[in-house]
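Engineer:
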Amino acid sequence: MARDGARTELIGRQDECQLLEGLLAQVRAGQSGVLVLRGEAGIGKTELLNHLLDRATGCRVVRAAGVQSEMELSYAGLHQLCAPLLSHLDGLPEPQRDALRTAFGMRVGAAPDRFLVGLATLSLLAAAVGDQPLLCVVDDAQWLDRVSAQTLEFVARRLLAEPVLLVLAVRESGSREVLADLPELPVRGLNERDSGELLDSVVTGPLDPRVRDRIVAETRGNPLALLELPRGLTLLEMAGGFGGLETRPLSSQIEAGFLRRIRALPTETQQLLLMAATESVGDVSLLRHAAERLGIDVETAATEAEAAGLMTLGTWVRFRHPLVRSAAYRAVGFEERRRVHRALAESIDPTLYPERRVWHLASATTGPDEAVAAELEETAGRAHARGGVAAAAAFLHRATELTPDPVRRGTRAFAAARAKYQAGAFDTARELVGAAELSPLDGLGAGRATLLRGQIMSAGKSASAGLPLLLEAAKRLQPYDSALAGQTYRDAIYAALTAGRLATGGVRDVAEAVLATAEHVDSASREDRLLTGLARVIVEGYSVGTPILMDAVAEFRSEKLSREYGLGWLPLVCRTAHNIWDFAAWSELSAELVDLARDNGALAVLPSALLLRLSNRVFAGDLRGAASLVVEADAIGEAIGSSFFAHYGALVVEPFRGRESTTRHAIETVTHDRLLRGEGKVTTATQWATAVLCNGLGRYDEAYVAAERGCENPQELGLSLQSRVELVEAAVRLGRTERAAEAVRTIDEMAQVSGTPWALGTSAATRALVSEGEAADVLHREAIERLDTAETRMDSARARLRYGEWLRLQQRRAEARTRLSEAHEMLSEAGADAFAERARRGLQAVGVKVSVRASTASAALTAKEVEIARLAQGGFTNPEIGARLFLSPHTVEWHLRKVFAKLGISSRKEIGSVHLDALATTS
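Residue numbers for the sequence shown follow this note's numbering, so the first one is 65 and each next one is one higher.
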């Protein structure tokens with residue numbers, strides 16, 4: 065694409081080159097940049113990358129290229145990119161350092177969470193900057209192994225204040241799954257004039273104008289096609305255009321041209337090209353060893369390949385274009401490819417590259433071979449330990465194909481199916497489960513297979529879709545593995561509570577199944593008592609199951625829980641503590657769950673843990689703490705490409721703040737979330753949020769309608785119970801005393817069973833609303849006292865508000881001023897603005913003037929800036945803040961500089977006295 069064979073000026077690419085050079089200037093100025101070059105094969109993406117590299121003076125450069133045959137080797141592409149930077153590993157926080165070393169096979173340890181690996185990669189790139197900006201170039205990114213592509217996408221979304229430029233080239237293939245939604249430059253064909261100029265630069269003989277026009281038209285401006293297709297024309301065709309029309313895709317035509325050139329070469333040269341194409345690392349030493357095993361004269365073959373313009377053999381193997389690699393692999397038959405794979409397998413040091421060695425060995429094997437299958441299975445275990453779930457799945461899948469014994473083949477098929485499920489390849493996982501079920505399975509094996517099918521359905525479709533299979537699996541497993549059956553019932557009942565109201569089956573079916581297998585409560589474990597108690601609440605009533613749940617939850621609080629056990633059981637225990645009104649247990653255990661998930665990088669659990677914890681903080685009146693957790697959930701959502709967690713968190717927090725637009729936006733987003741479609745729990749949560757919002761704003765008719773819908777399905781517990789509390793307040797305001805009294809009786813019945821301060825305080829608060837005279841006065845005061853004891857400050861503040869409003873109607877103005885002042889202070893301090901405004905209006909009605917809080921827009925901080933500043937106030941270092949919010953230390957420092965500038969301060973010491981929440985915007 066360059067004149068005179070140089071890369072100083074690319075024909076027809078002035079705009080693209082200008083954009084790339086602008087990004088270089090940007091990164092030299094200390095800002096980050098990300099760009100994906102996307103286009104068809106041969107369109108010039110690699111040449112644009114070379115143009116960028118030629119002009120990267122003063123930058124540190126690292127580069128990698130995806131290789132199709134390495135797509136099953138987890139972290140291979142990422143390791144290739146990061147290898148020159150590994151001297152900076154020791155400067156990373158220990159969890160990140162260990163995660164990256166494990167992923168790269170540099171240490172043995174528990175499989176790292178891929179998002180922790182992503183954060184470690186981000187930190188590594190930032191640490192490598194030093195005095196020079198860093199340029200990271202990745203060609204053929206469509207062929208990166210899946211986890212490397214996911215990690216680089218994670219990094220690309222989090223780059224902000226680091227002088228790092230990440231540019232990736234992706235071959236357009238119709239699918240947009242690879243590196244989607246990143247800044248993108250579509251690389252299109254050259255125009256007719258530029259195409260003609262490029263064609264003229266490579267055609268030395270006479271070219272008939274009609275042939276010239278036809279080549280320009282058929283290549284559609286593809287530079288590689290313009291350079292390569294004329295090589296396939298005979299002199300007669302060039303002079304007179306007597307060739308037939310070509311109907312194959314352009315990339316196929318180019319590859320066919322390379323294929324013709326390869327087949328014209330000597331046999332040994334073809335074999336060397338095949339070997340280089342097969343061993344994708346580009347390791348010249350390995351290539352020479354393997355070639356010698358086949359008797360190839362490497363020097364002669366390499367010279368001929370270079371003379372043909374197909375490959376260079378220097379420090380590393382470099383092909384003219386990726387299509388040369390694919391053509392070289394296709395140029396020979398299966399038996400020749402098998403011989404090359406075998407030679408490579410025998411030449412690779414198994415202690416250095418065990419995965420590559422066994423993959424070549426498997427590719428060289430044509431029929432069932434237990435020895436190779438066993439090696440693949442062993443290698444899968446190592447890959448899984450590194451966090452390479454996709455690689456483990458590929459190894460196990462191939463091991464299944466090579467296993468001669470039917471029973472062992474079924475076992476390996478099941479292991480492969482589980483690995484494919486963990487890697488997110490749900491369709492393949494289902495197929496492999498089917499293959500496993502074709503082999504003889506005992507009762508335990510059949511139960512495990514059904515369980516895996518249920519897990520695949522739950523993850524691939526929805527909780528409600530997987531629920532029947534989970535329930536069937538639990539029943540099958542019960543006679544063989546009671547512990548696994550209990551975990552399955554746990555997951556099934558959690559899924560059922562999440563799914564909420566279903567047309568058929570649901571939480572009652574699970575509950576009845578649990579009761580059918582339940583042991584005597586007195587001798588049962590705490591896990592069994594938890595499940596039995598929940599089942600009895602659902603089937604036999606709240607009063608029957610709650611005492612069992614109280615004991616089970618108390619036992620979960622009695623000792624420190626291990627990592628795996630706590631992450632498995634605490635989500636359900638926390639929900640249960642909420643359901644039985646045990647606020648102290650909910651507070652303690654939700655904090656423990658979040659700490660466990662954070663400390664262990666368990667991002668599969670952390671989002672749910674954050675939602676359980678922030679709900680708790682809302683009822684504690686700590687909207688600041690809850691908002692902090694929403695920011696953290698948002699950071700995780702940004703990292704994994706999902707906004708659901710932040711929106712669900714906002715659904716819980718924003719109604720209490722009285723922010724209608726943000727509440728409505730959260731409701732709309734959660735309602736239309738594809739993964740939650742059909743889940744009844746969404747209706748309960750969104751209607752509860754609407755009821756809280758409208759009660760705060762004094763729109764009681766809307767609150768009543770929403771609360772009625774929110775408590776339609778009491779078996780969901782949780783927010784269905786809380787909707788009933790909102791219903792009482794709205795119904796009383798609208799004069800619907802009978803409906804209010806009915807709801808109050810239900811709440812009081814539950815409270816008497818629970819007996820906790822939160823339950824009894826809530827009962828007293830709602831009974832006060834349907835009572836009169838001295839009885840109402842006593843109940844209002846009892847509610848405040850009990851809710852203070854429970855430390856549910858939001859409910860306690862609202863109880864003071866309702867008491868103050870009642871006192872005002874009773875013309876007890878002095879007492880009303882006291883209670884309304886308390887309510888106003890507590891609600892304002894919590895940030896519950898709509899309820900605080902109700903208290904302010906009540907105070908005005910009894911003669912107390914309360915000014916509206918002054919605007920702080922001049923120093924307004926974003927939610928993320930507030931959270932970073934809050935963590936800095938708490939003594940967290942920049943790396944610690946970055947680990948919490950999935951940011952690099954450089955980006956944390958950049959945010960802090962913005963905070964300091966807005967606040968007019970210059971150091972962390974000064975930030976300690978700033979009241980941050982008054983400065984937060986709604987963004």
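Beta carbons are placed, not taken as given, at the ideal position from N, Cα and C, and that holds for glycine.
Quick one, which of E623, T941, T283 has its alpha-carbon nearest E256's?
Structural biologist: T283
Engineer: Are the Cβ atoms of D698 and G722 separated by less than 9 Å?
Structural biologist: no
Engineer: Run the CB neighbour count on W380, radius 10 Å, all protein chains shown included, and call it buried at 16 or more, exposed below.
Structural biologist: exposed
Engineer: Are A771 and R788 close, meaning C-beta to C-beta below 9 Å?
Structural biologist: yes
Engineer: Would DSSP call L232 helix, strand or coil?
Structural biologist: strand
Engineer: Do R420 and I412 count as a contact pair if the criterion is CB distance below 9 Å?
Structural biologist: yes
Engineer: If we call anything under 9 Å between Cβ atoms a contact, is G253 one with I75?
Structural biologist: Result no, Cβ atoms of G253 and I75 do not sit closer than 9 Å.
Engineer: Rounding to the nearest angstrom, what Cα-Cα distance links W1005 and P247 in this structure?
Structural biologist: In the structure displayed, the chain extends from 65 to 987; residue 1005 sits before or after that span and is not available.
Engineer: Can you grab the Cα-Cα spacing for the pair R800 / P159, in whole Å?
Structural biologist: 57 Å
Engineer: Would you identify the three-state DSSP class for W870, choosing helix, strand or coil?
Structural biologist: Helix, per DSSP.
Engineer: What number of angstroms, rounded off, separates the C-alpha of G321 from the C-alpha of Q334?
Structural biologist: 15 Å
Engineer: Pull up the distance between the alpha-carbon of E766 and that of A755, whole angstroms please.
Structural biologist: The C-alpha of E766 lies about 7 Å from the C-alpha of A755.
Engineer: By DSSP's criteria, L198 is part of a beta bridge. Which residues make up the other side?
Structural biologist: R124, V228
Engineer: Compute the Euclidean distance between the alpha carbons of L337 and M375, then round it to the nearest angstrom.
Structural biologist: 8 Å
Engineer: Helix, strand or coil, according to DSSP, for P157 in the structure here?
Structural biologist: Of the three classes helix, strand and coil, the one that applies to P157 here is coil, per DSSP.
Engineer: Helix, strand or coil for G97? Go by DSSP, reduced to three states.
Structural biologist: G97 falls in the strand class under three-state DSSP.
Engineer: How is V914 classed by DSSP in three states: helix, strand or coil?
Structural biologist: coil
Engineer: Going by DSSP, which residues form a beta bridge with W380?
Structural biologist: D347
Engineer: Got a sec, what are the start and stop residues for the alpha helix (DSSP H) L425 sits in?
Structural biologist: 418-427
Engineer: Rounded to a whole number of angstroms, what is the C-alpha to C-alpha distance between G238 and R210?
Structural biologist: With a pLDDT of 47 at G238, under the threshold of 50, the modelled position of that residue is not reliable, and the figure given next carries that caveat. Straight-line Cα distance between these residues: approximately 17 Å.
Engineer: Taking Cβ to Cβ, would you say A233 is nearer than 9 Å to D204?
Structural biologist: yes
Engineer: Taking 6 Å as the limit between beta carbons, can you name the residues of its chain near T955, skipping five residues before and five after?
Structural biologist: L224, A225
Engineer: Let me know the alpha helix (DSSP H) ranges lying completely inside the region 648-729, each 4 residues or longer, listed in chain order.
Structural biologist: 670-683, 687-704, 708-721
Engineer: With a Cβ-Cβ cutoff of 9 Å, do A510 and A493 count as a contact?
Structural biologist: no
Engineer: Indicate whether R845 and L851 have their beta-carbon atoms separated by less than 9 Å.
Structural biologist: no
Engineer: Would you list the one or two residues that DSSP bridges to A129?
Structural biologist: BP columns for A129 point to D203.
Engineer: Where do the N-terminal and C-terminal ends of the alpha helix (DSSP H) with E879 fall, by residue?
Structural biologist: 877-894
Engineer: When the Cα atoms are used, what is the spatial distance from T726 to I945?
Structural biologist: Spanning the two alpha carbons is a distance of roughly 26 Å.
Engineer: Along the alpha helix (DSSP H) that carries L262, what are the first and last residues, could you check?
Structural biologist: Where L262 is concerned, the enclosing alpha helix (DSSP H) stretches over 256-266.
Engineer: Who pairs with L249 in a beta bridge, going by DSSP?
Structural biologist: L101
Engineer: According to DSSP, is M339 helix, strand or coil?
Structural biologist: helix
Engineer: What residue does the alpha helix (DSSP H) around K973 start on, and which one ends it?
Structural biologist: 972-975
Engineer: Pull up the distance between the alpha-carbon of H448 and that of R171, whole angstroms please.
Structural biologist: 13 Å
Engineer: Out of A437, T475, G474, point me to the one whose CA is closest to F459's CA.
Structural biologist: A437
Engineer: Which runs of the alpha helix (DSSP H), 4 residues or longer, sit entirely within the region 385-421?
Structural biologist: Contiguous alpha helix (DSSP H) elements confined to the region 385-421 occur at 386-394, 398-411, taking only those with 4 or more residues.
Engineer: Is there contact here, the region 543-560 with the region 569-578, by at least three beta-carbon pairs under 8 Å?
Structural biologist: yes
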